[in-house]
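These notes are about the structure you will find just below.
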Amino acid sequence: MTLLTSAEPLPTTPDWTGAACRGDAHADRWFPDPSESFAYAAGICAGCPIATACGAYAVATRQSGVWGGREYRSGRIAR
Ligand code: SF4
Numbered sequence: 063m064t065l066l067t068s069a070e071p072l073p074t075t076p077d078w079t080g081a082a083c084r085g086d087a088h089a090d091r092w093f094p095d096p097s098e099s100f101a102y103a104a105g106i107c108a109g110c111p112i113a114t115a116c117g118a119y120a121v122a123t124r125q126s127g128v129w130g131g132r133e134y135r136s137g138r139i140a141r
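Counted from 1, the sequence shown has number 108 at position 46 by the numbering used here; the numbering is strictly sequential.
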C-alpha cells in the first residue's frame, strides 16, 4: 500500500505549465455566477493543450468553476 503525502502530486495532476489560462488577467471568469456566461473561459479552454486532463482533475478533486471548457460544481458537470 502506498500512502500519498501532501508533498506528492495527485496522480491526475496535469502539467499546469502549459495551461492556456496561465497568467490570464481575468481569473474571475473561471468562477462565474450560475446566471453568468462562461464563454470567455470556455473559449480559452478550447485552445488549451491540457483541457482533457484539466477536466479529469476537476472531477477527481471535486472542483468547482470552469475546468477543461465545462463548468463544474463539486466535481460534477453543471453545464
Ligand atoms: S482547460 Fe481551461 S481551466 Fe484547464 S488549464 Fe486549460 S485553460 Fe485553464
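Backbone N, C-alpha and C fix where the C-beta goes; we use that ideal spot for every residue, glycine too.
In this text the structure is predicted, and so the values were computed from the model without any measurement.
Selected residue, minimal CA-CA separation from residue i, among the options
i	options	result
Arg84	Ile106, Ser97 and Phe100	Ile106
Trp78	Gly131, Pro111, Ala140 and Gln125	Pro111
Ala140	Ala113, Asp86, Asp95 and Tyr102	Asp95
First and last residue of the uninterrupted beta strand (DSSP E) at residue i
i	result
Gly105	Here Gly105 belongs to no beta strand (DSSP E); instead the alpha helix (DSSP H) covers Ala101 to Ala108.
Gly127	Gly127 to Trp129
beta-carbon residue i near the ligand SF4 non-hydrogen atom, thresh 7 Å
i	result
Ala101	no
Gly85	no
Gly130	yes
Integer Cβ distance of residue i from residue j, believed to fall under 8 Å
i	j	result
Gly130	Ala113	4 Å
Secondary structure of residue i, DSSP reduced to three states
i	result
Arg91	helix
Span of the alpha helix (DSSP H) around residue i
i	result
Thr79	First-last for Thr79: undefined, no H or E at that position.
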